[in-house]
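These protein sequence lines are chains A and H, in that order. Numbering-wise, my numbering comes out as the position in the first sequence, counting from 1, plus 46. Numbering-wise, my numbering comes out as the position in the second sequence, counting from 1, plus 10.
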Amino acid sequence: MSDGPNNTGLWQIAWRQLRHNRFAMVCLAILGLYTAVWIYAEATFWGARIRGVTPAYKVSNYDIRNQPPSAAHPLGTNFAGRDNLSQMIQGTRIAFEIGLLTSVIVIPIGFALGAVAGYFGRKIDTAVVYLYSVIDSVPGILLIMAIAYVVRSVVERSEAFQAITRYVDSGLLAVCVGMGFTGWVGLCRLIRAEYFKHRERQYVLAARALGVSDGAIMFRHIAPNVLHLIIINFSLRFPGLVLTEAVLSYLGVGVRDEPSWGAIINDAKQRLWLGNWWELAGATAAMFFLVLALNIFGDALRDALDPKLRTAEAKTA
Amino acid sequence: MLFVLFPGFGRAESVLYGVGGDFKGFDPVDAGDVESADQVGRVYEGLLEYAYLDRPYHVIPRLAEALPEVSADGLTYTFKIKKGIRFPDDPCFPGGKGREVTAQDFVYSFLRTLNPRLQSQGDWIFVNHVRGAQEWVDRVSSSKDPVNYDAPFPGFVATDRYTLQVNLAKPYPQLLWVLTMQYAFVVPREAVEFYGKDFRNHPVGTGPFRLKAWRRNYRIEYERNPFFSGQTFPANTDPEFQADVGKPLPLVDRIIEYDIREYYTTWQMFLGGQLYSAGINKDYFEKVISPQLELSGDLARRGIRLQKSPLLNTYYLGFNMLDPVVGGMSEPRKKLRQAFASALNVKKYCEVLTNNRSTPATSPIPPGVAGHEPKPYPHAYDLERAKRLLAEAGYPGGKDAKGKQLRLTMIMPGAGSTDARQAADFYAEQLRAIGVELEVQMLTGAEYLRREHEGETQIFWAGWVIDYPDAQNVLQLFYGPNKCPGVNATNYQNPEFDKLYEHVVSMADSPERTALYAKMADIVVEDCPWALMTYPLAYGLFQPWFQNYKQHAFPYANWKYFKVLPH
């Protein structure tokens, strides 16, 4: 709180720099569009759920299966005669849900472990480093698949978890947990390094001299100074999550009852050899632009928020 | 030219390349699925086998000298075993030399199938029929001692080295059929004891082939078994099968199969001539098969043959009758199951998901088997009826008295398969139309089989591939005492049905028996432990150089007849 004015300064400067980066602004606009599509998709989904009806994108019409693009269906229809465009739109919702849900798991784990490791050092640090080194040494996709299988069978077989699957697809949940429990390593490393640096700073020493508790120093005093790292990390990780989910769903481990992009591509490959490109094209393009926009914007954001990079740029300018 | 002048010199090896190999292993007692049965049928044999080319199906002796002598009361079957049949050389035998097969080997092998500790899916072929079988099973289950296979057993008696007597508790006319099955194949005791748990990876059988190399999930290779005892291609009247009459079997030297999971790969390999046969995936169907259901021009010009044939299979969705929601024999529960069945538009399913390569099932007994009656299925698709029945079952609009939506769970195999996911999507949508939420869980093959076997289900997708052409084989799935972990995976129990079943199992084939079969099928259809889905039609493509193939409903021992021309 005492850092308030300082923080505002950081964000204001960052925003000013971002605004001058035209490329980043285009990407921001694209992300805004995706967010609008996402909100629209959520509204359709929950609207149907609350009214207790089948959402339109899930209604099949077997008379118009596998049709090429037309005015009524700009991206054609799929194996069940559903409109590919609305499938793609719902895929956006799945992608965002995965990004957010996974981040909800990744950020607390990565932040908390990184903070305690960096702040306390010594044995705690050794333990945390050991833990993330072990996790990092196993090939990611395999570990995610293993965790996802376990989570799914636990969720599907226990009464207690059944209630959750009313709101979240069990496959989606499984993939998120899988990616969540493997994906915190990068963030943890970053935070740990920052805490190492900050714990020797004067404001921390001063706080300690005044008798402020370790918890308060870690989370009230140091945390606001590393918060921007989480945001950068989140925006850079998001595209990776979307891609991983697509790979997993393509392999049949991921989302099942909902049209995720991976699942759409999996369906589309069945008829690709017949020349039905449109189903594949829709989902792939949607994924491509989201990932591209996020990557570029994430980079720009990092440049803007990282004081070191900023001074370097100022010097060259 | 050399080949013409010296036909024996430099003769090219003939190799059959195919797709397969995703199976459990070579232990005959454990070969309860089609793929395992297929692999086991290459290396092991039994007393009897099907006459390959003859229809209607009938059995002929294989390791037996002749068909058995049956006593007047129909309770004692006496088999003479051929002399000189040898197990192949293998390290499990003293000195590595194989030995002659005797009657005692059959006693041992049959008892293994009965042994409850091995949890064979094939114990039903003997357990309620053979004298002393149930007592033996109970004794083994309750004791902790090792199983004594040498103690006298009243059901299977080796009266001398080459004579085997099977004594039944009551007449069992299906005995000849079941003795063709892999569960009754002969295995050497030395191999079982030598290899222990690894026996399933080390087949030591009398069959036409022996295992040469096996890399799980990749490739399996068989070669001609030099110890295979003489058998020749049977004389017949079909002009298509004259070329090899009288030639010694097997006709190919090696079989090599690749375990291919992705259909596209199979298809490309088949087109490249690397595989003798390929099925047709639904998404390839339109390109390959004309609207008149014939082979498309390109493939036909290459001489590729299309073989269409009905299979004696029934696909269905089974309800666990012990489940508190869908199970039970009370009127509302029955109506709930009937509502479920009526909500499924099976005709649409056939069209959308199988390109009409299957037809809606109307009875648990498939057509072509006595007892199947050509009458409509009473729970065929009828949305209004489904909604009405659901309301009568206590779930108007899919909601119970408290207004909570009915939610059901179904399991099916095919984790990771696009086709399975699309089928699951179809089922869920059909049920949604009557207000029921169906969650379909797609499991790996092994996990699915385990849960079905142990009755850990609410609703399960399943198909029954008939084991022999007698409706009793299907009806046993509804016999109360066969409930889980037996073959009655739905745990269905109806005293009226059970009484009829106990009566018909000992009847010989007759119009009366057929009428009773039909009546029993009607009882099952009314109680609805199965929501009937489809009868499949097989569409197989075969290379022109693949010869001597005749579609067979029980094809597991047919590999020795196939021929590959030089190509």
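Every residue gets a Cβ at the ideal spot worked out from N, C-alpha and C, and that includes glycine.
Classify D435 of chain H: buried if its beta carbon has 16 or more other beta carbons within 10 angstroms, exposed otherwise.
On the second sequence, position 425 is the one that residue 435 of chain H refers to. Around the beta carbon of D435 of chain H, 16 or more other beta carbons lie within 10 angstroms, which makes this residue buried.
Strictly below 9 Å CB to CB, what residues from chain A border V336 of chain H?
Within the second sequence, the letter at position 326 stands for residue 336 of chain H. Here the premise fails: no neighbours, minimum Cβ distance about 16 Å.
At 4 residues or longer, what runs of the alpha helix (DSSP H) sit wholly inside the stretch 510–550 of chain H?
Correct list: 521–537.
So does the stretch 213–223 of chain H actually touch the stretch 116–129 of chain H, counting three or more Cβ pairs closer than 8 Å?
Under the 8 Å Cβ criterion, the stretch 213–223 of chain H does not count as touching the stretch 116–129 of chain H, having fewer than three qualifying pairs.
With distance defined between alpha-carbon atoms, name the residue in A:S199, A:M134, A:I144, A:R238 nearest to V221 of chain A.
Start at 1 with the first residue of the first sequence, and residue 221 of chain A comes out as number 175. In this structure, A:I144 is the residue among A:S199, A:M134, A:I144, A:R238 with its C-alpha nearest to the C-alpha of V221 of chain A.
Got a sec: is the Cβ-Cβ distance from G426 of chain H to anything in chain A below 8 Å?
Your numbering for residue 426 of chain H matches position 416 in the second sequence. Yes, because at least one Cβ of chain A sits closer than 8 Å to the Cβ of G426 of chain H.
Which residue from H:L418, H:Y54, H:G408, H:L453 puts its Cα closest to that of G424 of chain H?
Here the question's residue 424 of chain H lines up with position 414 in the second sequence. Taking only the C-alpha atoms, the option nearest G424 of chain H is H:L453.
Could you give the DSSP three-state label for V356 of chain H: helix, strand or coil?
Mapped onto the second sequence, residue 356 of chain H falls at position 346. In this structure, DSSP gives V356 of chain H a helical state, which the three-state scheme calls helix.
Just mark V197 of chain A as buried or exposed, buried being the case when its beta carbon has 16 or more other beta carbons within 10 Å.
Working through the first sequence from its first residue, we reach residue 197 of chain A at position 151. Burial call: buried.
Listing by chain order, which chain H residues have their CB less than 7 Å from the CB of Q316 of chain A?
Numbered from 1 along the first sequence, position 270 holds the residue referred to as residue 316 of chain A. Within 7 Å Cβ-Cβ: D293, T428.
Which bits of chain A does R442 of chain H rub up against, with CB to CB less than 7 Å?
The residue labelled residue 442 of chain H in the question sits at position 432 within the second sequence. What R442 of chain H touches in chain A: T100.
Contiguous beta strand (DSSP E) assignments of at least 3 residues, all confined to the stretch 238–271 of chain H
Listed in chain order, the complete beta strand (DSSP E) runs (minimum 3 residues) inside the stretch 238–271 of chain H are 264–268.
If you draw a straight line from the C-alpha of I96 of chain A to the C-alpha of V53 of chain H, how long is it?
On the first sequence, position 50 is the one that residue 96 of chain A refers to. On the second sequence, position 43 is the one that residue 53 of chain H refers to. Rounded to the nearest whole angstrom, the C-alpha separation of I96 of chain A and V53 of chain H is 60 Å.
Is any beta-carbon of chain H found at less than 8 Å from that of S106 of chain A?
Working through the first sequence from its first residue, we reach residue 106 of chain A at position 60. Closer than 8 Å to the CB of S106 of chain A there is at least one CB belonging to chain H.
Mind checking which residues open and close the beta strand (DSSP E) that includes G426 of chain H?
Taking the second sequence and counting its residues from 1, the one referred to as residue 426 of chain H is at position 416. Here G426 of chain H belongs to no beta strand (DSSP E), and DSSP marks it neither H nor E.
Establish whether the CB of V288 of chain A and some CB of chain H are separated by less than 8 Å.
The residue you call residue 288 of chain A lines up with position 242 of the first sequence. Cβ-Cβ to chain H under 8 Å: no for V288 of chain A.
Closer than 9 Å by beta-carbon distance: list the chain H residues that pair up with D313 of chain A, in chain order.
If you number the first sequence from 1, residue 313 of chain A lands on position 267. Within chain H, the residues near D313 of chain A are T428, R431, Q432.
Looking at the C-beta of D32 of chain H, does it have a partner C-beta in chain A at a distance below 8 Å?
Here residue 32 of chain H is taken as the residue at index 22 of the second sequence, counted from 1. It does not; no Cβ of chain A falls within 8 Å.
At least 3 beta-carbon pairs within less than 8 Å: the stretch 337–349 of chain A vs the stretch 252–265 of chain A:
With contact defined as three or more Cβ pairs closer than 8 Å, the stretch 337–349 of chain A and the stretch 252–265 of chain A are not in contact.
Between the alpha carbons of M422 of chain H and S199 of chain A, how many angstroms are there, rounded?
In the second sequence, counting from the first residue as 1, residue 422 of chain H sits at position 412. In the first sequence, counting from the first residue as 1, residue 199 of chain A sits at position 153. Approximately 14 Å between the Cα atoms of the pair.
Hey, is D435 of chain H's beta-carbon within less than 8 Å of any beta-carbon in chain A?
Counting from one through the second sequence, the residue named residue 435 of chain H turns up at place 425. It does: the Cβ of D435 of chain H has a partner Cβ on chain A nearer than 8 Å.
Measure the beta-carbon distance from W555 of chain H to I265 of chain H and round it to whole angstroms, keeping in mind my assumption that it falls under 8 Å.
In the second sequence, residue 555 of chain H corresponds to position 545, counting from 1. In the second sequence, residue 265 of chain H corresponds to position 255, counting from 1. Your pair W555 of chain H and I265 of chain H does not check out as a contact, with CB atoms roughly 15 Å apart and the cut at 8 Å.
Specify whether the stretch 203–213 of chain A and the stretch 149–160 of chain A touch according to this definition: at least 3 beta carbon pairs, one from each stretch, less than 8 Å apart.
No, they do not touch.
What does the alpha-carbon distance come out to for the pair E231 of chain H and G30 of chain H?
By one-based count along the second sequence, residue 231 of chain H stands at place 221. By one-based count along the second sequence, residue 30 of chain H stands at place 20. Between the C-alpha atoms of E231 of chain H and G30 of chain H there is a straight-line separation of about 11 Å.
Endpoints, beta strand (DSSP E) assigned at Y294 of chain H
Looking up residue 294 of chain H in the second sequence gives position 284. Premise fails: Y294 of chain H lies in the alpha helix (DSSP H), 292–298, not in any beta strand (DSSP E).
Under 7 Å, CB to CB, which of the residues in the stretch 123–141 of chain A have a partner in chain C?
Of the chains in the structure shown, none is chain C; the protein chains are A and H.
Per DSSP, which one or two residues make a beta bridge with V25 of chain H?
On the second sequence, residue 25 of chain H is found 15 positions in, with the first residue counted as 1. Residue pairing for V25 of chain H: DSSP places it in a beta bridge opposite H:R264.
Using a beta-carbon distance cut-off of less than 9 Å, what residues from the stretch 125–139 of chain H approach chain A?
None of the residues of the stretch 125–139 of chain H has a beta carbon lying less than 9 Å from any beta carbon of chain A.
Excluding the 5 residues preceding and the 5 following V299 of chain A in the sequence, name in chain order all residues of the same chain whose CB lies nearer than 6 Å to its CB.
The residue you call residue 299 of chain A lines up with position 253 of the first sequence. So the qualifying residues of the chain are M191, A194.
What do you reckon, are the CB atoms on S132 of chain A and Y108 of chain A nearer than 8 Å?
Sequence index remark: in the first sequence, residue 132 of chain A carries index 86 (1-based). Sequence index remark: in the first sequence, residue 108 of chain A carries index 62 (1-based). Contact: no.
Taking Q451 of chain H as the query, report the chain A residues whose CB atoms sit under 7 Å from its CB, ordered along the chain.
Numbered from 1 along the second sequence, position 441 holds the residue referred to as residue 451 of chain H. Listed by position along chain A, the residues whose Cβ is nearer than 7 Å to that of Q451 of chain H are E202.
Simplified DSSP state of F166 of chain H, which is helix, strand or coil:
Taking the first residue of the second sequence as 1, we reach residue 166 of chain H at position 156. Residue state, collapsed to three classes: strand.
Distance between V175 of chain A and G328 of chain H (C-alpha atoms, nearest Å)
The count along the second sequence starts at 1 and reaches residue 328 of chain H at position 318. The count along the first sequence starts at 1 and reaches residue 175 of chain A at position 129. Roughly 51 Å between the two C-alpha positions.
Expressed to the nearest angstrom, what Euclidean distance is found between the alpha-carbon atoms of V272 of chain A and V152 of chain A?
Looking up residue 272 of chain A in the first sequence gives position 226. Looking up residue 152 of chain A in the first sequence gives position 106. Approximately 16 Å, taken between the alpha carbons.
Is V535 of chain H close to chain A, meaning its C-beta is less than 8 Å from at least one C-beta of that chain?
To locate residue 535 of chain H, count along the second sequence from 1; it is residue 525. It does not: the Cβ of V535 of chain H has no partner Cβ on chain A nearer than 8 Å.
Integer Cβ distance of F219 of chain H from L551 of chain H, believed to fall under 8 Å
Taking the first residue of the second sequence as 1, we reach residue 219 of chain H at position 209. Taking the first residue of the second sequence as 1, we reach residue 551 of chain H at position 541. Not a contact, Cβ separation roughly 24 Å.
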